[in-house]
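First comes the structure, then the notes that go with it.
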Amino acid sequence: MFVMKLVVLLFLLLIVISFVASEDTGFIYNGFKDAANLSLDGIADITPGGLLRLTNDTKYQKGHAFYFHPFQFKNNSFSSDGNTTNSVSFSTTFVFGIVSETDLSGQGLAFVIAPQRGLPGSQANQFLGLFNDTDNGNPKNHVLAVELDTIYNVEYDFIQGNHVGIDINDLKSVNSTSPSYFTNGRYKDLSLSGSRIQVWVEYDGVQKQLNVTLAPFKASKPDVPLLSLSQDLSTIFLDSMYVGFSASTQTALTFHYVLGWSFRINGKAQALDLSSLPELPNLPGKKSKMLTIVLSIIVPIFALAMIIGIFFILRKRKFAELVEDWELIYGTHRFSYKDLYKATKGFGEKEVIGRGAFGNVYRGVLPTSEDEVAIKKVSHDSTQGIQQFIAEIVSIGKLRHRNLVQLFGYCRRKGELLLVYDFMRNRSLDKFLFGHSNSSSSMLNWSQRIQIIKGVASGLVYLHEEWEKVVIHRDIKASNVLLDNEMNARLGDFGLAMLFDHGTNDAPTSKVVGTPGYLAPEMTRIGMASTSTDVYAFGVFLLEVACGKRPVELKTSASGEGYVYLVDWVLSCWRKGEILQTGDPNFGGEYVVEELELVLKLGLLCAHTDPDFRPTMRQVVQYLNGDVALLQSDLWALETSDTINQAFTRGERLGDLYPYCASSTLTGSLSTPNQSVPSGTGR
């Protein structure tokens, strides 16, 4: 009897071992000529050249490609600390390409982990083939997606243009940023369209950390990921899940391709053989258009002469500028459009280093001096006299301070202004604070941050008190603080600045301008800009730098989603005697306690909802330099400070502005505040 039991036990053990051995743990496709175990639906297909083509020239359609077999995404293993972990680790790498008929692409594509192949009920257009208008945001979706989108959808996206996002059951990303990659100690921008791009998506089930990394084709994998998310995904994943891709089309003729793909559960995905991957094809019709043009030039010599004449007329108009007599008084502050056009290589997309509410910012090299500059396109507000506006811009160009970005001059053409600034190689502060997850913010230690804070404060004292005019900046935030080669702070982007004489308390304005999260309550209620409204924004900026958090953040909890305002959170912690707990956790223990506590308390005082209790910027500098001590008696005013909600909801509809992204600049009439549509800024 014992022998019989032993035989049965060994037989069952062999069955279990056979089952485990046969279970899929990963796969690799170096091209898709052999597309075994792939399940396609919608308009997805495999091209003769071995490309996985998710979409074609059919508009308003979707395409899916999933690995046919599911993977086990939960287990009962134990972490190093002895705790049970349900979520497995996984790793994937793939190469994709997006080809469009125009500079505007028709939506993007996404890497997806879902409980079902084909995502039943999903829609095309802005839904990317992931969700529809009824189930978007439903926690029962159990869908994780990494979207690589090329178009701005106002109802879901926080970032205009190209962006990468981590989506959980919802097209509103839990974390998103503009595409770039870390190389040679800095971040370099990427365009998601027109070329082959590598992507790595990795999740550590023990550390509960998801990383997304991008790089150009054939480049080495960067050491610093583009996006990171610290979250236990075991609540999202079911036991059995499918992996694949989804894409959709809209009006623009766009092809979404996957060239190679590798995936592994509980291990590192096998590296792709990049040399064997297929090339991206040209969009059908692009070559034929040129051929058609060449063949169509079988015309009489007279017609050819007319075409040449029209060409030169259009070329002359291309560089035509609007110059009036009164502008001659500004002398060398005026740049020629032709020089700026050459400096930016025709204002090419590759030269874009930022997208703002009033236009793009381009990197350029002036052809005469070979100086590197930043050139910002600004759409002029026709309600203000153009002569007065340019006079103020030129006046701002006279500002000289080590903590201000220098404005060299301007050019005016066809209803838009081009502002020429000094180029800051390290770009904006927000890229270090928020652009690439915790790994990038840790690159700024406390010593660097306190010097940045002091630099911005010094620049504001100069604007408010020391120059010949009072300058109100009206858009102080991390994305408008630029860093030079030595990481010194320079306040930039004076597109919303106002000038008035010393001795004037405030400046009336007919519009609410600035960025939600930094707007002082009195600015939105009565439309009066002042040095005190700048102080309020600087107070929020202090908390932003010290805490490593945005002014407004969307948080998800068991009770649902809600917005958390940084000022409210720090104020509540101060009232509970826990203000130091709000400091950026990336500091570890490497910070000066007294300095951090001073910055946090000073930030709350500057962001007081009553302007009468706010210090001046000169007082702020004295506090920061230790010339004057911030006494406990100075902080009694914080007991009277309202929360953001209390300050903005006393019958004021402008409180509705705050659900917008905190990096968006807003301009809108006081009489019709909710008709304004914020759009992203930043250099």
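Heads up: the sequence shown is residues -22 to -1, 1 to 661, going by mature numbering (1 follows the signal peptide of the UniProt record, and there is no 0). Each residue gets a CB set at the ideal place from its N, CA and C atoms; glycine is no exception.
- Listed in chain order, the non-local C-beta contacts of R553 below 7 Å within the same chain number zero, local neighbours out to five positions each way being set aside.
- In this structure, the straight-line span from the alpha carbon of L382 to that of N404 is close to 15 Å.
- A residue is called buried once 16 or more other Cβ atoms fall within 10 Å of its Cβ, and T36, having fewer, is exposed.
- In this structure, the straight-line span from the alpha carbon of S314 to that of S510 is close to 38 Å.
- In the DSSP assignment, the residues bridged to F89 are V124 and F223.
- D471 and L318 have their alpha carbons spaced roughly 18 Å apart.
- The criterion of a C-beta distance shorter than 8 Å is not satisfied by R452 and V513.
- For F109, the closest alpha carbon among the candidates F5, R333, H42 and G9 is that of H42.
- In the three-state scheme derived from DSSP, where H, G and I count as helix and E and B as strand, S436 is classed as helix.
- With respect to the C-alpha of I243, the residue from F49, S156, I557 and N116 having the closest C-alpha is F49.
- Taking the Cα of Q426 as reference, the smallest distance to any Cα among D462, R596, E443 and I454 is reached at D462.
- Three or more Cβ pairs closer than 8 Å define a contact, and the segment 198 to 214 meets that threshold against the segment 175 to 187.
- Contact check for I91 against I146 fails: the beta carbons are separated by 8 Å or more.
- Between K447 and L411 the beta-carbon gap is near 31 Å, outside 8 Å, which marks them as no contact.
- In its chain, beyond the 5 residues on either side, I76, G86, L126, T128, N140 and P157 have a beta carbon closer than 7 Å to the beta carbon of L170.
- Taken atom to atom, the span from the alpha-carbon of E568 to that of K432 is near 19 Å.
- Minimum Cα-Cα distance from P93 among the listed residues T71, V121 and G526 corresponds to V121.
- The shortest CA-to-CA distance from L344 to any of A435, F325 and G332 is the one to F325.
- If you draw a straight line from the Cα of P194 to the Cα of R174, it comes to about 7 Å.
- According to the DSSP assignment, P499 belongs to the alpha helix (DSSP H) that extends over P499 to I504.
- In the displayed model, V73 falls within a strand according to three-state DSSP.
- Look at the beta carbons and you see the segment 608 to 623 touching the segment 583 to 592: at least three pairs across the two are nearer than 8 Å.
- According to DSSP, E575 shares a beta bridge with no other residue.
- Burial is judged here by how many other beta carbons sit within 10 angstroms of a residue's own beta carbon; H480 has fewer than 16 and is exposed.
- Here the alpha carbon of T502 sits roughly 54 Å from the alpha carbon of E257.
- Per DSSP, G143 is one residue of the beta strand (DSSP E) stretching across H141 to I146.
- Judged by DSSP secondary structure, W552 falls within the alpha helix (DSSP H) whose first and last residues are L544 to R553.
- The beta-carbon separation of F519 and K455, rounded to 6 Å, stays under the 8 Å limit for a contact.
- Just measuring C-alpha positions, the residue of L205, Q209, Y165 and K166 sitting nearest K186 is Q209.
- Around the beta carbon of W614, fewer than 16 other beta carbons sit within 10 angstroms, so the residue counts as exposed.
- The three-state reading of DSSP puts H480 in coil, since its state is none of H, G, I, E or B.
- About 6 Å separates the beta carbons of L149 and N114, which is inside the 8 Å limit, making them a contact pair.
- Residue range G337 to V343 is occupied by the beta strand (DSSP E) that includes G342.
- No residue range can be given for N34, since it is assigned to no beta strand (DSSP E) and is classified by DSSP as neither H nor E.
- Per DSSP, T155 is one residue of the beta strand (DSSP E) stretching across N153 to T155.
- Positions of the beta strand (DSSP E) runs, each at least 3 residues long and wholly inside the segment 185 to 230, are given as 187 to 194, 205 to 208 and 218 to 226 in order along the chain.
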